[in-house]
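Below you'll find the structure, written out as C-alpha cells, and then a few comments.
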Amino acid sequence: MPVNMRAASAARQERGFMSRFVLPSVGITLAILLAGQAQAQTASATNSTSAETTTDTSLTIGEIVVTADRQTRISKVLTSVDVLSGSIAQRENVDATFQLFSRMPGVLTTNFGQGPSTAGAISFRGFNGEGGINAVKVLIDGVPSNTNDGFSWMLDALQPMDIDRIEVVRGTSDPRYGLHNIAGNVNISTRQGGTYVDAKASGGSFGTYDGQLSAGYETGAFTQNYFVGYRHTGGYRDHAEGDRFNISGKWFYNGEGFSLGAIARYYHGKGQEPGFLTAEDSAENPRQSYPVSATDGGNRKIQHYSLHFDADVTSQLSTRAKLFMIDFDDTRFVRFSESISQQERITKQRQYGGLAAVNWQPDVGNLLHALSFEVGADFQIQDNHLGRYLTTERVRNSYVIAQYFDFSNYGGYIQAVIEPTDWLRITPAYRIDRIEGNFEDRIGGSTYPVNDYGTIGQPKISAAITPINGVTAYGNYGRTFQVGLGSASYLIPPQTTNLSPSYNDGWELGLKLSQGSWFEGRIAAWKQVATGEVLYNELTAVYTNIGQTRRIGFDAQANFKPTSDINLWVAVSKQHGRIVQPNPSNPEQLGNKINHVPEFILSGGIDYRPTDQLRLTLTGNGQSNYEIDPSNLPGRFGGYAVFNAEIAYRLNPKVEIAGQIRNLTNDRYDYVWWDGEKSLHAPADARAAYASLRITL
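Quick note on numbering: the sequence shown equals residues -40 to -1, 1 to 657 in mature numbering (1 follows the signal peptide of the UniProt record, and there is no 0).
Laid out in C-alpha cells, this is it:
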C-alpha cells in the first residue's frame, strides 16, 4: 500500500476511533461531571456544617491508604495530580513498567515495540515520547531516575508487584524539581513496611511466563522489604524474545519522630529487537521481522541505591533528605535498513546526588488559618559515556562516536503555603538551577566547556479556592526549563557563543468536584509556550533548535462509585502542539503540528464486584492519529483503541486466581516513525490471554 493510501486508511481509522471511543468517552465524562456537580452541590447545601473543606486537587484511581505526611505534601501541589493505587498496579500483566501509565489520565505511552532494551516511554501535556524532548521528571521512591537525555528507561528497575502507588503531577507549577521537569513529574513509590508474603505466578500468550515475590517483615521500629521478579516472553513478533530480572531490598528504622532507611535494587534485561516494517508488510504480515534485524538486540543493567532520612525536629519544623547513586549500563545493536550499517550503541552513566528540604509551620494564632514555608535544595552529578560503533552482525568495524562528559545540575527552591482562611490557599514559589560540566571527544581529541546558561530562574504561583464543600477551583502559573543534553550542552564548534536555556511558561485553570467516596471529577484547561526548544536526533546523536512552540489542551476526568460494588472512571485529554516560530533554516514549518502528538488521549474502565470473591474489570485506553514528521507531509498514523478484560476469583482470603485478555477487540495498530524517505512501522501486540495465581500470606 503506498504511503498516501496508507495515510487515507489511517484517516478512516481515526474517524472510526472517534466514533467508537472518543465521542462516547467525552459524553460519559461530561455526563458524570455534571451529575456529580449537581449531587455535590445538593449534598453540600445540606451538610455544609459538617463536611470538611479541602483544597486538594488530586484524583485517585483505586483504593489506597495514604499517610498524613505524604498526603499533605501532595495536596500542596495545586495542579492536576493523579494517583494510581498499588492495588491496581500489582494486578497488571505488562511486559514493561511504562505500560502501567496507560491507566493514568492524560499520559501518552509510546510503545516502540523493540524488546526489553527499547520498550517505550511516557509523556504528557503535548510532548511526545520519541526521545527528542523528554519532558517528564521520573522519580523512584523520591530519587531522580532519568537518564542524561531525560528518557524514562529507569522504570525498568521496577515490576508491578513491588509498586505501592504511582503519582503523576502535570504542569509547570511544582518547584520541587528542576532538570527534566518540563511538563511535570512522576513518582513511583514502592512497598515499605508491614509483615507479609505476596507471590504471583502468571503465564500466557507469546510464550510468556512471569514470577514475582514481594515480602515484608516488621519488628518494632525496624522494617525489611524484599522483592524478586523474573519475566520471559517470546514476543508477538518474530525475533522479539526477551528476559527481565529484578531484585530489591529496603531497610528502615522508624524511631521517635524520625525515619532512617536504605534502598538497593538491581535490574538486568536482555532481548532481541524485531526491527521495523514497511507500511505494506505491517498490514499484510505484522509478525514478521526482516533478516536485516537478525542480530539486533540489547542488554541493560541498572543499579539503584539510596539513603533516606525524615525527621520531625519540633512540632513546627520537619526535614527530609535523600542521597543516591545510580549506575546505568546499556548496549544496543540496531540496523534500521539495508542501506545503512548496523550500529552498536553504548550508554554508560553513573549518577549521584542528593535532595533535602526543610518545612516550617509557624504558629500564626488567629491571623491566618495556616502558614508554612519550605526550602529545598538538590544536586545531581553525572559521569556519562556515549559510544557508537559501525558493526556487521555485532562485529565492530569502526568507532564513530566516543563522547565522555560530566554534567552537573544544582538547584534550590523556596515555597510558601498561605491559607488566609480554610477555603483559600495560595502557594508562591521560586526555583533556581545551574548547570556545570565538561565534554571530551576522544576521537577528535578535544575538550569543551558546558554552555554558560547562568542562573536559571523559575517563578511559580498557584491558588485554590473552595467556595462550597465539594467544589474547588484552582489556577497556576509556572516556568520550567530545558537545556540541550548530551553534546548539545557544551560549547562545541561551530557554535562559538553560549546558548540560553529554553524556557517553558505554562498556566492552568481547573475545577475539581467531589462528594464523599462516591464521586470526584476534574476539568482543566492549560497552555504551555516554549522558547528555543531543542530536539534530539536519535540517528545522528545531535540536537537542533526547532524554534518556539505552543501547546494547549483540555482535560476532563471523573471517578464514580454509584454503589459499593461498582467503580467507574473515565478521562479525556484533548491537546495541540504547534511550531509557532520555527528555526530560520526551516521557515516552512511555521504552524506545523509537533510530530507524534495525538490530539486525543483517553482512558477509562469499570470494576464490578458482584460478590466478595469475584471481580470483573474492563479497561480501555486509546489515542488518535498523529503526524510522524515535523514537515507534516508523510501522513497521520498511530491511532488505536485497546480494551482489556479481567476476571478474578478469590478462592479464600489468601489465594486468588485471575484471567486477563489484553487487546480484547484485537485492534491492529502500529508505532510509526519517518526515516526521511518512508514510514517505518512496529506493529503492536495482537489479542493476548494470560492466567495468574496470587498468594498473599
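Glycine is no exception: its CB is placed at the ideal position from the N, C-alpha and C atoms.
message: Taking 8 angstroms as the cut-off, does the region 257 to 268 touch the region 286 to 293 (at least 3 CB pairs, one atom from each stretch)?
response: yes
query: Considering only the beta carbon of each residue, do Thr39 and Arg130 sit closer than 8 angstroms?
result: yes
message: Across the region 154 to 173 and the region 514 to 527, are there enough close Cβ pairs to call them in contact, namely three or more that are closer than 8 angstroms?
response: no
- request: Apply the 10 Å Cβ neighbour rule to Lys638 and answer buried if 16 or more other Cβ atoms are within range, or exposed otherwise.
  value: exposed
message: I need the boundaries of the beta strand (DSSP E) containing Gly46, first residue and last residue.
response: Here Gly46 belongs to no beta strand (DSSP E); instead the alpha helix (DSSP H) covers 46 to 49.
- prompt: What span of residues does the alpha helix (DSSP H) with Asp525 cover, start to end?
  reply: Premise fails: Asp525 is in no alpha helix (DSSP H) and is neither H nor E.
field: Under the three-state DSSP convention, the category Pro251 falls into
entry: helix
message: Residues in the same chain with beta-carbon distance under 6 angstroms from Tyr650, minus the five sequence neighbours each way, listed in chain order, please.
response: Asn53, Ser162, Gly164, Gln620
message: I'd like to know if the region 553 to 567 and the region 96 to 109 are in contact, where contact means that at least 3 CB-CB pairs between them fall below 8 angstroms.
response: no
query: When DSSP builds the beta bridges, which residues end up paired with Trp634?
result: Per DSSP, Ser639.
- request: Output the distance between the C-alpha atoms of Ala330 and Ile428, rounded to the nearest integer angstrom.
  value: Rounded to the nearest angstrom, the gap between the Cα atoms of Ala330 and Ile428 is 19 angstroms.
- prompt: If you draw a straight line from the alpha carbon of Gln232 to that of Gly73, how long is it in whole angstroms?
  reply: 11 angstroms
query: Taking the DSSP output, what are the residues bridged to Tyr170?
result: According to the sequence as given, residue 170 is Asp; it is not Tyr. Answer is Ser162, Arg191, bridged to Asp170.
Same chain only: Cβ atoms within 6 angstroms of Tyr186, ignoring 5 sequence neighbours per side: The beta carbon of Tyr186 sits closer than 6 angstroms to those of Ala175, Gly209, all from its chain and outside the five residues before and after it, given in chain order.
- prompt: Should Tyr359 be labelled buried (16 or more other beta-carbon atoms within 10 Å of its own) or exposed?
  reply: exposed
query: In angstroms, rounded to a whole number, what distance separates the CA positions of Pro643 and Pro409?
result: 43 angstroms
Reduced DSSP category for Asp241 - H, G, I as helix; E, B as strand; rest coil: helix
- prompt: What residues in its chain sit with their C-beta under 7 angstroms from that of Pro461, if we drop five residues either side in the sequence?
  reply: Tyr413, Ile416, Phe441, Gln442, Val443
query: Exposed or buried, which one is Gly325 when buried takes at least 16 other CB atoms within 10 Å?
result: exposed
Ser149, DSSP secondary structure in three states: strand
field: Nearest to Trp211 (by Cα), restricted to the options Phe218, Asp203, Ile223
entry: For the residues Phe218, Asp203, Ile223, the minimum Cα distance to Trp211 belongs to Ile223.
message: Could you tell me which whole beta strand (DSSP E) segments of length 3 or greater appear in the region 261 to 314?
response: Listed in chain order, they are 277 to 294.
message: Assess contact between the region 573 to 590 and the region 53 to 68, defined as three or more Cβ pairs (one per stretch) separated by less than 8 angstroms. Is contact present?
response: yes
message: For Gln309 and Gln340, which I take to be in contact (beta-carbon distance under 8 angstroms), what is that distance rounded to the nearest angstrom?
response: Not confirmed; about 11 angstroms, so no contact.
task: Report the residue from Lys420, His345, Tyr226 whose alpha carbon sits nearest the alpha carbon of Asp401.
output: His345
- request: Taking 8 angstroms as the cut-off, decide whether the C-beta atoms of Phe367 and Gly347 are in contact.
  value: Inclusion of Phe367 and Gly347 in the CB contact set at 8 angstroms is not warranted, their separation being larger than that value.
- prompt: When the Cα atoms are used, what is the spatial distance from Gly405 to Ile361?
  reply: 12 angstroms
field: Where the beta strand (DSSP E) through Ile142 begins and ends
entry: Looking at the DSSP string, Ile142 is not in any beta strand (DSSP E), and its letter there is neither H nor E.
query: When DSSP builds the beta bridges, which residues end up paired with Pro594?
result: Answer is none; Pro594 lacks a bridge partner.
For Lys282, the nearest candidate out of Ser266, Thr274, Gln276 (CA to CA): It is Ser266 whose Cα lies nearest to the Cα of Lys282.
message: Output needed for Val273: all residues of its chain with C-beta closer than 7 angstroms, excluding positions within five of it in sequence on either side, in chain order.
response: Thr279
message: Comparing C-alpha positions only, which one of Ser652, Ser447, Asn612 sits nearest to Leu495?
response: Ser447
message: Please report the straight-line C-alpha distance between Val557 and Leu640, rounded to a whole angstrom.
response: 17 angstroms
message: I'd like to check one pair, Gly46 with Ile123: are the Cβ atoms closer than 8 angstroms?
response: yes
field: Residues bridged to Pro104 (per DSSP)
entry: Leu99
- prompt: Which class does Gly(-5) belong to by DSSP, given the choice of helix, strand or coil?
  reply: Because the pLDDT of Gly(-5) is 46, which lies under 50, any placement of that residue in the model is unreliable, and the number read from its coordinates should be weighed accordingly. DSSP, read as helix, strand or coil, puts Gly(-5) in helix.
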